[in-house]
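Participant: Line by line, the protein sequences are chains A, B and C.
Under my numbering, the final residue of the first sequence carries the number 259; numbering is consecutive throughout.
Under my numbering, the final residue of the second sequence carries the number 162; numbering is consecutive throughout.
Under my numbering, the final residue of the third sequence carries the number 778; numbering is consecutive throughout.
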Amino acid sequence: MTATYIPKTLEELGENLTHLTPNSLVLAGGTDLVLHIRAKHLQPDVLLCLSDVEAMREITITPDHAVIGAMATMRQVEDACQGLEDLQSLADAAGGVGSPQIRNKGTIGGNVANASAAGDLPPVLWLLNAQADIMGPGGVCRSIPVRELPDGSQGNTLAVGEVVVRFTIDRASLRGWRSVFVKLGHRSQVTISRIGMSMALLQDEAGVIQDARVIVGAIKPVPFRLPAAEDILRGNLPDPALAPALGETFKGNTRRTYKEAAAKGVFEDTLLRFRR
Amino acid sequence: MRLSFFVNEEPVTLDTDPQRRLLDILREDLGLTGTKEGCSEGECGACTVLMDGLAVHSCLTLAAQLQGRHVTTIEGLEKNGELDILQRCFVEEIAIQCGFCTTGMIMSAKALLLKNPDPSPEEIRTALSGNLCRCSGYVQIVNAVSRAAHEMGGAQ
Amino acid sequence: MKLVGTQQPIHDARGKASGRLRYACDLTYPGMAHLAMVFSAIPHGYVTSIDASEALAMDGVYAVLHAFNTPEYRFNHYRTQFQSAQDLPLEECVFQRYVRFTGDRVAVVAARDEETARRAAALVKVEYEKLPCALDFDQALSGIHCLDGKSPIEDEGTMTVGTPQPDEAEGIQITVHNELSRLHHAAMETHACVADYDPDEDELTIRSPSQAVFGIRTVVADMLSMPYNRVRVVKTTMGGSFGGKQEWMLEPVCAVAAKILKRPVKLVYDRAETMRSTYCRAAMRGDLRGTFRKDGTLLRLDLDILLDAGAYVGNSLDYVRAPFGKFFRCYRVPCATLHSRVVSTNTTPSGAFRSWGVAEYYVFMEHLLNKASEVLGIDPVELRLKNVLLPGEMDIKMGLPVEEARTRECLLQGAAHFQWEEKRREDARFNASSHRYKRGTAVACAGHTNTYYTRFNDFAGVEARMCDDGTVQANVSIHDHGCGTVQAFKMILAEELELPTDLIRMKEADTACTPYDYGCFSSRSTFVVGRAVQECGKNLRREICRSAAQMLHVPEDQLYLQEGTVRWQNNDQVSLTYEQVSQWTILNLRKELFADSRYHNMSNPTVTGTHFARVEVDTWTGLTKVLDYLAVHDVGQAINPAMCIAQTQGAVQMGCGAALREQMTISPDGRSVNSLAKYHLMNAPDLPDIQVELIQDGPSQEGPFGAKSIGEVGMAPVAAAVAGAVNQALDADLQVIPMDPDRIVEYITKRGY
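(1) With a cut-off of 8 Å on the beta carbons, I'd call Gln662/C and Phe730/C a contact; round off their distance for me.
(2) Going by DSSP in three states, Trp781/C sits in which element: helix, strand or coil?
(3) Rounding to the nearest angstrom, what Cα-Cα distance links Met57/A and Leu32/B in this structure?
(4) From the DSSP output, in three-state form, read off Val553/C for me.
(5) In angstroms, rounded to a whole number, what distance separates the CA positions of Leu166/C and Ile178/C?
(6) Do the region 143 to 158 of chain C and the region 55 to 65 of chain C make contact, defined as three or more Cβ pairs closer than 8 Å?
(7) When the Cα atoms are used, what is the spatial distance from Pro68/C to Asn500/C?
(8) Going along chain B in order, which residues have a C-beta closer than 8 Å to the C-beta of Ala212/C?
(9) DSSP state of Gln162/B, grouped into three classes?
(10) Does Gly136/B have its Cβ less than 7 Å from a Cβ in chain A?
(11) Secondary structure at Arg232/C, three-state DSSP: helix, strand or coil?
(12) Suppose you measure from the CA of Thr321/A to the CA of Leu9/B; what does that come to, to the nearest Å?
(13) Distance cutoff 7 Å, beta carbons only. Does Pro24/B sit that close to anything in chain A?
(14) Considering only C-alpha positions, which residue in the set Val657/C, Tyr478/C and Gly40/C is nearest to Gln674/C?
(15) Using a Cβ-Cβ distance cut-off of 7 Å, determine whether Thr109/B contacts chain C.
(16) Have a look at Leu185/A and Val191/A and give me their C-alpha separation to the nearest angstrom.
(17) With DSSP run on the structure shown, which of helix, strand or coil describes Trp645/C?
(18) Do we get a CB-CB distance below 7 Å when we pair Lys203/A with the residues of chain B?
(19) Decide if Pro580/C is buried, meaning its Cβ has at least 16 other Cβ atoms within 10 Å, or exposed.
(20) Alpha carbon to alpha carbon, how far is Leu759/C from Phe239/C? Give it in angstroms, no decimals.
(21) Is there a C-beta anywhere in chain D that falls below 7 Å from the one on Cys64/A?
(22) Return the chain-ordered list of same chain residues with a C-beta closer than 6 Å to the C-beta of Gln162/B, the five sequence neighbours on each side being excluded.
(23) Identify the residues that DSSP records as bridge partners of Glu737/C: which are they?
(24) Listing by chain order, which chain A residues have their CB less than 7 Å from the CB of Ala453/C?
(25) Please name the residue, chosen from Arg623/C, Met423/C, Glu407/C and Asn456/C, that lies closest to Arg433/C on a Cα-to-Cα basis.
(26) Are the C-beta atoms of Ala52/B and some chain A residue less than 7 Å apart?
(27) Between the region 13 to 40 of chain A and chain C, which residues of the former have a C-beta closer than 8 Å to a C-beta of the latter?
(28) Can you tell me whether Ile35/C is helix, strand or coil according to DSSP?
(29) Can you check whether the CB of Arg306/C is closer than 7 Å to the CB of Phe378/C?
(30) On a CA-only basis, which of Arg45/C, Tyr778/C, Gly647/C and Thr127/C is nearest Pro693/C? Give me that one, please.
(31) How many Å lie between Tyr304/C and Pro405/C at the Cα?
(32) Between Leu81/C and Val698/C, what straight-line distance do the alpha-carbon atoms span, to the nearest angstrom?
(33) On the three-state DSSP scale, how would you describe Ala217/C?
(34) Can you check whether the C-beta of Ser46/B is within less than 7 Å of a C-beta belonging to chain C?
(35) Could you tell me the boundaries of the alpha helix (DSSP H) in which Asp163/C lies?
(36) Excluding sequence positions up to five away, which residues of its chain have a Cβ less than 8 Å from the Cβ of Leu8/A?
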């Protein structure tokens, strides 16, 4: 018999977390978990549903910080970040997850906690050096870089009784940067990612790239950084002609010959986004 | 759990398994079979309903997530025995063939028009990207939504 | 014509839009048990034991049925007619003890609700003795899975049509190779069936979406040794089929369960089960060699095909042969051979699919013509113009005239409207200056049938009676896929009777009350059954006038019908309503106004479509966009043109998927893909504004109002056109369909540019 908790506040959440065991399930948007529950006919001892914790849906964006509740839906994240040059990659990634129906329910926290290799939010959150605020049993909180959440084999490092409550991004440290996310899937809309390209560039007034960050998802079990691509970009304009050379940096990073060859296409599409 | 929520603006209270899908609550507990199950995994959109005005998959929504929510199904569009404008446009624009995708398609279109009363054909196709139709090439469906938008006063 | 040729919504559009219309999955009956299947977890072997104790212990579970606790019921899922018409082996059992693919039926659980049934099914413990399996052509040909020295070749045959031409030896030989993947029908409605058994009357009732209620009756009644008149099969509203609901997977299970449990039962396969455990379109590979004269005219075709029947032979022997005949319905082919082999593998069985192999065979044909076009230096449209059959010519395989073929007009009109030459020139200019994207434009033609004839003697029967208020009730065995057959037939009948369609009641096939009918296949509905509807309309009109003539004391041939009344040509003040005529007939002639018709056709005019596709291939990611598409169809007379157009656009959507991305792959342990997350259909953003044009000045002699067919021929040229366009864009000879991103990138990488 499953005990169900539907907390309304963070305080209630803290209390509810004390009841979780390894046989419990945490329900965020449900777009991943419900499939898992039904495929395995799971009957957890506790089902903790986060849908009613209003505080976890809040998105607050100031010039210096972006604070995004873990229960913010993809759609909400997309709407909040659209047009903000430093956070555009977040809008791109959230706006490309699944279909409109998925985006109305799937959450940023769920996408990150699910830690699927093809997840679109993790590479972008890494790109933006996001922090994850985690609450544990009794309301005890800790904060770690989002980079440290995955366990390397499509699971997460959260302890039993822990949930991510919010993500924070230090926008002050991103001043002057522009970020973009481009995904390659099986079709143009509604697809799992085969390559998830997140790129941030710091350009001078002439548009020359002073600094670059490239994080790629859907290639390895966890996103990874591509310093070789960053080296190519530094000192250049974001010229699509760099795409073939950038594509070469995928060699040795993937066994999938398709992805190795297709990488230059994703790089070119990404660079085109940076053109003013 | 004791679930209290709203379906087509009517209050509904049920004792139910918190893991019960909204799709099954609608179809089996409430007898509202207009919402269909086409894939059970959030890929086809046949199960689309509105939850607080947004299109969601009822096959991926659990009872635990429904407390106090307002769910609108296809049955909620008709008023006083009259089909809603979208439903009528689907009929008249020959946007219905086998009909299995129709109710989900209409709900997604409804959600679109609630937010964007004058969508372009591209915006319509994106709004319907999660609703699969195997009988058509989506042409009449897009026409029906455009025409409904126009009749609802969206286009200037 | 007042109605025929106008735009009308499908007959049940309102119910579909309101959500009130019930499909099989929506039906409930008091005391109904929900069924859930247990499928084989292995691709080949024997079920050695089944332990259902845990499942039976669950609250709400009524029974678990399987091979060890039910009689062995054998049947053939392909059967749609009695044995003397279709000589088919009893290939399978309702519950298999010998399982031949992952997904084969092992057991069924009956419970109070679906959730419980599914949970219980997961608790049924099955033990197997595994056998070696074959999952692809090469493994199949090796015979690794064959028992007792049986050959892996289920069937091999050669067919020759026509005679070699005197100048054949001087012809130029060109060969193409193609490999086509398995496809899933992907009707939005998954498979479902409701059955009930009345033990006092010994009557079984089956309700399911199907293309042949009489076929189900034959199979189930034979299997259960019941008289046919005690097995009632009703066709429910169908949420799409595309050939997927004309072979029987669920009905035998439901029939057995209903009979044993003596309560209504409902079985609904979810998408995963429909994908894996019903049937799919066969994988095939082969070579087509064409012998051409220098001027481009065809001398000869030689086709060699290897087809994968999957776990059960089913329809494969027919499926590999029938489409060969369709070459002779589009093109002038003096001589041709087919060498075909069918192998079985331990995979989801293959079966009927829209166009019954014609879409596949035209991939080969159009590929050949495109290659010939290059080799001979003749424009692809020109080459086809030289070879398409003209009015008055013969389909030499059927031995029938093609009648008013308009393929030539389709080509010319299509090429002009699609701006064929300009597009091809633009593509060349674009490609020369684009480092990454390449565009290509291609054309494809295909021909199909309108009836079973000459394969079978085709016929249909229709009845219509007038109520005492002048409205009409018609009895027709219709199997509407959701494509508008009921509405089209209502329009035909209404046209003959001068009535609005909403005064005509016409339901779908029900073995208890509608006339015997082969079912909805071979695109025969409009041409044969629709003609029978028209004839019945004419007959009822005659009955009305005959009665009215007696009422008015005027000669029958001076009367005519107009807008629900009978009028006299000599005095336009004279007017009788149908209500008046009907009631007078009952009172004075001691009968109701009734007519029937028995129509059998003796012709099968060609019906063709010519499609133009323009694509843009991203040579870096391998993704292909369909930029532009035009389908031109020679339909004789479109009864409901808007539905013909909508249906053809759907065929284009399906064929684009087949050409570019749809494939049901098999995992190394024998599991076919069973999720739409992995089997990608074309969605709304993927498709352009597909254009369809209907040419209607080439009527058939026997179709209602000159109609031919559209449902299958619409599908036939699509994958051929899109594949041709991709090859044109890449200046390549890609052979494996679908031309998915991985294959395109692999080719580009190997080529080096």
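C-beta atoms are modelled at their ideal positions from N, C-alpha and C, and glycine is treated no differently.
Since this is a predicted model, take the numbers as computed values, not measurements.
Facilitator: Quick look at the numbers:
(1) Contact annotation, Gln662/C with Phe730/C: C-beta distance approximately 4 Å; criterion of less than 8 Å satisfied.
(2) Since the first and last residues shown for chain C are 26 and 778, residue 781/C lies out of range.
(3) Met57/A and Leu32/B: Cα-Cα distance of roughly 26 Å.
(4) In the structure shown, Val553/C sits in a helix (DSSP, three-state: H, G or I).
(5) Annotation: Leu166/C to Ile178/C spans about 7 Å, alpha carbon to alpha carbon.
(6) Cβ pair count under 8 Å is three or more, so yes.
(7) Going from the Cα of Pro68/C to the Cα of Asn500/C covers about 45 Å.
(8) Result: Cys104, Phe106 and Arg140.
(9) With a pLDDT of 47 at Gln162/B, under the threshold of 50, the modelled position of this residue cannot be trusted, and the question is left open.
(10) With 7 Å as the cut-off, Gly136/B counts as an interface residue toward chain A.
(11) In this structure, Arg232/C counts as strand in the three-state DSSP scheme.
(12) In the structure as shown, chain A begins at -16 and stops at 259. Residue 321/A is therefore absent and cannot be evaluated.
(13) Closer than 7 Å: yes.
(14) Cα-wise, what sits closest to Gln674/C is Val657/C.
(15) It does; some Cβ of chain C falls within 7 Å.
(16) Rounded to whole angstroms, the separation of the alpha carbons of Val191/A and Leu185/A is 8 Å.
(17) The three-state secondary structure of Trp645/C, taken from DSSP, is coil.
(18) No, Lys203/A lies away from the interface with chain B (no Cβ there is under 7 Å from its Cβ).
(19) Classification for Pro580/C: exposed.
(20) For the pair Phe239/C and Leu759/C, the Cα-to-Cα distance works out to about 43 Å.
(21) Looking at the structure shown, chain D is missing, and the protein chains on hand are A, B and C.
(22) Note that Gln162/B has pLDDT 47, beneath the 50 cutoff, so the model's placement of it is unreliable and the number below is only indicative. Answer for Gln162/B: no residue qualifies.
(23) None; Glu737/C has no bridge partner.
(24) Around Ala453/C, no beta-carbon contact reaches into chain A at under 7 Å, the shortest distance being about 23 Å.
(25) When each option's Cα is compared against that of Arg433/C, the closest is Glu407/C.
(26) Under the Cβ distance rule, Ala52/B does not count among the residues neighbouring chain A, no pair being separated by less than 7 Å.
(27) Answer in chain order: His24.
(28) DSSP places Ile35/C outside both helix and strand once states are collapsed to three, so it counts as coil.
(29) For the 7 Å CB-CB criterion, Phe378/C and Arg306/C form a contact.
(30) Considering only Arg45/C, Tyr778/C, Gly647/C and Thr127/C, the residue with the shortest C-alpha distance to Pro693/C is Thr127/C.
(31) One C-alpha to the other measures close to 36 Å.
(32) In this structure, the CA atom of Leu81/C is about 30 Å from the CA atom of Val698/C.
(33) Strand.
(34) With 7 Å as the cut-off, Ser46/B counts as an interface residue toward chain C.
(35) Taken as a continuous stretch (DSSP letters only), the alpha helix (DSSP H) holding Asp163/C covers Phe162 to Ser167.
(36) Cβ neighbours of Leu8/A beyond the five flanking positions: Leu16, Ile20, Leu25, Pro27, Val29, Leu30 and Leu31.
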